[in-house]
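From first to last, the protein sequence lines stand for chains H and E.
Numbering of the first sequence is given in this note's numbering, commencing with residue 715 and proceeding in unit increments.
Numbering of the second sequence is given in this note's numbering, commencing with residue 715 and proceeding in unit increments.
Let me begin by presenting the structure, written as structure tokens, before commenting on it.
There are 2 protein chains.
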Amino acid sequence: MKDVAAAAGVGLKTVSRVVNEESGVTPETAGRVRAAIEALGFRRNDSARLLRTGRTASVALVLEDISDPFSSAVSRAVEQVAAAQDCLLFTGSSGEQADRERELALAFCARRVDGLIVVPAGDDHRYLLPEIASGTPVVFLDRPAGGIDADVVLSDNAGGARAGVAHLIAHGHRRIGFVGDLPGIHTAVERERGYRTAMAEAGLPVDERWVDRGPTGRARVGEAVRRLTTGPDAVTALFTANNRVTLAALHHLPADRRPAVVGFDDLELADLLTPALTVVAQNPAALGALAAQRLFARLAGDAGAPARLELPTTLIVRGSGEVSP
Amino acid sequence: MKDVAAAAGVGLKTVSRVVNEESGVTPETAGRVRAAIEALGFRRNDSARLLRTGRTASVALVLEDISDPFSSAVSRAVEQVAAAQDCLLFTGSSGEQADRERELALAFCARRVDGLIVVPAGDDHRYLLPEIASGTPVVFLDRPAGGIDADVVLSDNAGGARAGVAHLIAHGHRRIGFVGDLPGIHTAVERERGYRTAMAEAGLPVDERWVDRGPTGRARVGEAVRRLTTGPDAVTALFTANNRVTLAALHHLPADRRPAVVGFDDLELADLLTPALTVVAQNPAALGALAAQRLFARLAGDAGAPARLELPTTLIVRGSGEVSP
DNA sequence: CTGAAAGCGCTTACAG
DNA sequence: CTGAAAGCGCTTACAG
């Protein structure tokens, strides 16, 4: 910019005026400046501009894994809201590791992003307290923050699971298995709670051997569903509590002698399976959009108490959940 | 930082030394500084630091749509390579619109990202010439740049399509339909070329009515496949040239009287369909990793001629492509 | 209409 | 071991 000013024989501020299309520059002066800009190939450095401005016109999203459909749908929605505010988006995947989540979140804060959306991997977010205190709004998504009171946008996990299990019960099932994620994950806990609520409401007992929690690797889930669905105590229906579990279960259960299945989370080809897959669907795009709107509301000065927003789920009936015992 | 220096009764540079863990500070001095940092809740502003440094420790990825599986897998791979270099990642979706691609790419350049990876939406990238000239390396992914000579990482689209169609031919098909994307999209053109090559190599004629190109919306593709697969001239097999087309085709073709199908791009539940879906799979993670490595090689000073890297595809035989005519 | 000075929050290059 | 000065590339607040 200094070079442009020198080449055009004007002051720095005049170049700034032309670049920012401010009024009050003679057409001739502006022309000289523009010619110099062209000749020197000058492009304004937005990072420098923003340093002076005090904002960075960027927000960051820490998610579990951008390559999974849930995360990427969230990301797209956040990006769209951010774009409407001329904000660029950083994304980073924690890989479900608390350390990495923290590292990413703090790195983004150190860049002074205007705001941060976090899909929690860890369960202690007090490390963000100084950042929040110094004015960086943080919104949590999919799972609430641990140890701090902050905005959060969630799906109705318990309600959704309850509806899915009630659906199985309505179709005559009494022995229903629950295959969940690692205990300690908020969504897993909530979905299990929904399962137990539905069973209790129907007056059905829950045999603890029907409830499986653990890593969602294919082999382990395969083992679990095989155990649940064989022997004299076999369940006649399965509620698989997230998409990885559902996928693993479908892979390990032969289609011809598969129990009734309702999964949490929709899958792209779910309607083309035989039978088509009945699911409790979340709306990741709506979660992302809502979280981003919350964030920008905070940036616009909203100083209300932290909000907890819960989005409903949808039971999509397609066939696999309507199989008789 | 000024406040910390004042509070600790030291110079600015000493605070900088402590914050950056440089050597040559008395333990007592360092202690005083650390106490002041603690008391004031100071956090170094990395954006300001990077302005002085001349880098931004960030790279940007412009893709088609972060919410589709191809884009998000690419993104994850790029993120991992970038993280290994302590680089943060901006992502943005062009939505397949040339204008938006340009807007995003230039916005990232204005922020002075260290490097840029672009999945082209438009076919003229000369607008990036000044950016490249001023030292921002740009790597293209999935499709080559238009009008400029730059690094590009691609799948072997023609070779993959040729192998897929040859597979259908080997299973006895002679009338094979091709359902592709909009003409003008590089990958669509290449895949059609592979289709024609395979047909020609087998000495089979191509009836132009078997070749369909256009928007990949469900309704339009449904119409197209219905036309291709009915009547006296119906094809006995279909090569669907990308995942959206494949999905649309599967939705519109009744499973009981579906022709043989081979699709380009793998799908998550492809192996659980009846019959399971035979596909020509790309490796989006490998494309992303390779592009990112190329980018960091450029950043490390590699000044060689622009490279064109082509990754092989894999034919995954599962059933739908082995149906007899 | 135009520009010199100060400053955003840091680091670099020196000097002591 | 420590710090004052200059500067990264811009904008802000003034003055002319």
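Note that the Cβ used here is the ideal one computed from N, Cα and C, for glycine as well.
Checklist entry - Given that serine 730 of chain H touches chain E, what residues does it touch there, using C-beta distances under 7 Å? => result Mapped onto the first sequence, residue 730 of chain H falls at position 16. Going along chain E, no residue has its Cβ under 7 Å from serine 730 of chain H, so there is no contact; the nearest lies around 15 Å.
Next on the checklist: With H, G and I counted as helix, E and B as strand and the rest as coil, what does DSSP make of alanine 798 of chain H?
Outcome noted: The sequence position of residue 798 of chain H within the first sequence is 84, counting from 1. Correct three-state label for alanine 798 of chain H: helix.
Checklist entry - Using a C-beta to C-beta distance shorter than 7 Å, which residues of chain H count as neighbours of aspartate 779 of chain E? => result Position 65 of the second sequence, counted from the first residue, corresponds to residue 779 of chain E. In chain order: Arg790.
Checklist entry - What did DSSP end up calling phenylalanine 784 of chain E once you bin it into helix, strand or coil? => result On the second sequence, position 70 is the one that residue 784 of chain E refers to. Residue state, collapsed to three classes: helix.
Item to check | Cα-Cα separation, valine 729 of chain H to leucine 964 of chain E | outcome: In the first sequence, counting from the first residue as 1, residue 729 of chain H sits at position 15. In the second sequence, counting from the first residue as 1, residue 964 of chain E sits at position 250. Rounded to whole angstroms, valine 729 of chain H to leucine 964 of chain E spans 58 Å at the Cα level.
Checklist entry - Start and end of the alpha helix (DSSP H) containing glycine 738 of chain H? => result The residue labelled residue 738 of chain H in the question sits at position 24 within the first sequence. Taken as a continuous stretch (DSSP letters only), glycine 738 of chain H belongs to no alpha helix (DSSP H), as it is neither H nor E.
Item to check | Limits of the alpha helix (DSSP H) - the one that glycine 936 of chain H falls within | outcome: Position 222 of the first sequence holds residue 936 of chain H. Its alpha helix (DSSP H) spans residues 932 to 942.
Checklist entry - How big is the Cα-Cα spacing for glutamate 1036 of chain E and isoleucine 883 of chain E? => result What you label residue 1036 of chain E is simply residue 322 of the second sequence in a count that begins at 1. What you label residue 883 of chain E is simply residue 169 of the second sequence in a count that begins at 1. Approximately 10 Å between the Cα atoms of the pair.
Checklist entry - Given a threshold of 16 other Cβ atoms within 10 Å of its Cβ, counted over all protein chains shown, does aspartate 926 of chain E qualify as buried or as exposed? => result Translated into the one-based positions of the second sequence, residue 926 of chain E becomes position 212. Burial call: buried.
Next on the checklist: Under 8 Å, Cβ to Cβ, is there at least one residue of chain E near aspartate 760 of chain H?
Outcome noted: Along the first sequence, one-based indexing puts residue 760 of chain H at 46. Yes - at least one Cβ of chain E is within 8 Å of the one on aspartate 760 of chain H.
Checklist entry - Looking only at C-alpha atoms, which of H:Gly908, H:Ala771 and H:Gly936 sits nearest to alanine 796 of chain H? => result Here the question's residue 796 of chain H lines up with position 82 in the first sequence. Residue H:Ala771 is the option with its Cα nearest to alanine 796 of chain H.
Checklist entry - Under the DSSP definition of a beta bridge, which residues are partnered with glutamate 1024 of chain E? => result The residue you call residue 1024 of chain E lines up with position 310 of the second sequence. Beta-bridge pairing links glutamate 1024 of chain E to E:Leu868.
Item to check | Residues within the region 785 to 817 of chain E neighbouring chain H, beta-carbon criterion of under 7 Å | outcome: Ser786, Ala787, Ser789, Arg790, Glu793, Leu802, Leu803, Phe804, Thr805, Gly806 and Ser807
Checklist entry - Between the region 730 to 744 of chain E and the region 978 to 997 of chain H, do three or more beta carbon pairs fall short of 8 Å? => result no
Checklist entry - Near alanine 902 of chain H, which residues of its chain fall below 6 Å by C-beta distance, leaving aside the five closest residues on each side in sequence? => result Position 188 of the first sequence, counted from the first residue, corresponds to residue 902 of chain H. Excluding residues within five positions, the ones whose Cβ falls inside 6 Å are Gly894 and Asp895.
Checklist entry - Which residues in the same chain have their Cβ closer than 8 Å to the Cβ of threonine 804 of chain E, if we skip the five residues on either side of it in sequence? => result Translated into positions along the second sequence, residue 804 of chain E becomes position 90. One point to set straight first is that residue 804 of chain E is phenylalanine, not threonine, in the sequence displayed. Within the same chain, phenylalanine 804 of chain E has close Cβ partners Ser772, Val773, Ala774, Leu775, Phe822, Arg825 and Val827.
Checklist entry - Do alanine 951 of chain H and proline 973 of chain H have their CB atoms nearer than 8 Å? => result Numbered from its first residue, the first sequence carries residue 951 of chain H at position 237. Numbered from its first residue, the first sequence carries residue 973 of chain H at position 259. Contact: yes.
Checklist entry - Does any C-beta atom of chain H lie closer than 8 Å to the C-beta of alanine 847 of chain E? => result Within the second sequence, the letter at position 133 stands for residue 847 of chain E. It does; some Cβ of chain H falls within 8 Å.
Item to check | Contacting residues, own chain, Cβ-Cβ under 8 Å from alanine 961 of chain E (five flanking each side not counted) | outcome: As a working mapping, residue 961 of chain E is identified with position 247 in the second sequence. Looking at the sequence provided, one finds leucine at residue 961 of chain E rather than alanine. So the list reads Arg932 and Leu981, once near-sequence residues are dropped.
Checklist entry - CB-CB under 6 Å to valine 833 of chain E, same chain, minus the five flanking residues each way: which ones, in chain order? => result Within the second sequence, numbered from 1, the residue matching residue 833 of chain E stands at position 119. So the qualifying residues of the chain are Leu777, Glu778, Leu855 and Asp856.
Next on the checklist: Within 8 Å of any Cβ in chain H, is that where the Cβ of alanine 821 of chain E sits?
Outcome noted: The residue given as residue 821 of chain E occupies position 107 in the second sequence. Yes, its Cβ sits closer than 8 Å to a Cβ of chain H.
Next on the checklist: Less than 8 Å between the C-beta atoms of glutamate 904 of chain H and alanine 872 of chain H, yes or no?
Outcome noted: Here residue 904 of chain H refers to the residue found at position 190 of the first sequence. Here residue 872 of chain H refers to the residue found at position 158 of the first sequence. Against a cut-off of 8 Å, the Cβ pair of alanine 872 of chain H and glutamate 904 of chain H comes out as a contact.
Checklist entry - Going along chain H in order, which residues have a C-beta closer than 7 Å to the C-beta of threonine 988 of chain E? => result Along the second sequence, read from residue 1 onward, the residue named residue 988 of chain E stands at position 274. Neighbours of threonine 988 of chain E on chain H, chain order: Thr988.
Checklist entry - Given that arginine 757 of chain E touches chain H, what residues does it touch there, using C-beta distances under 8 Å? => result As a working note, residue 757 of chain E is residue 43 in the second sequence. Those within 8 Å of arginine 757 of chain E in chain H are Cys823, Ala824, Pro844, Glu845 and Ser848.
Next on the checklist: Against leucine 918 of chain H, what residues of chain E qualify as contacts under a CB-to-CB distance less than 9 Å, listed in chain order?
Outcome noted: The residue labelled residue 918 of chain H in the question sits at position 204 within the first sequence. Per Cβ cutoff of 9 Å: no residues; leucine 918 of chain H is ~30 Å from chain E at best.
Next on the checklist: I'd like to know whether the C-beta of threonine 770 of chain E is nearer than 8 Å to at least one C-beta of chain H.
Outcome noted: Translated into the one-based positions of the second sequence, residue 770 of chain E becomes position 56. Output row for threonine 770 of chain E: interface = yes.
Checklist entry - Name the DSSP beta bridge partners of serine 1038 of chain E, please? => result Along the second sequence, one-based indexing puts residue 1038 of chain E at 324. BP columns for serine 1038 of chain E are empty, so no partner.
Next on the checklist: Tell me the residue span of the beta strand (DSSP E) that contains threonine 683 of chain H.
Outcome noted: In the structure as shown, chain H starts at 715 and stops at 1039, and residue 683 of chain H therefore has no counterpart that could be examined.
Item to check | Proximal residues of chain H, C-beta to C-beta of proline 1026 of chain E below 9 Å | outcome: Here residue 1026 of chain E refers to the residue found at position 312 of the second sequence. The premise fails here: proline 1026 of chain E is roughly 21 Å from chain H at the closest Cβ pair, so nothing lies under 9 Å.
Item to check | Helix, strand or coil at phenylalanine 756 of chain H [DSSP, three-state] | outcome: By 1-based counting over the first sequence, the position of residue 756 of chain H is 42. Three-state DSSP puts phenylalanine 756 of chain H in coil, outside helix and strand.
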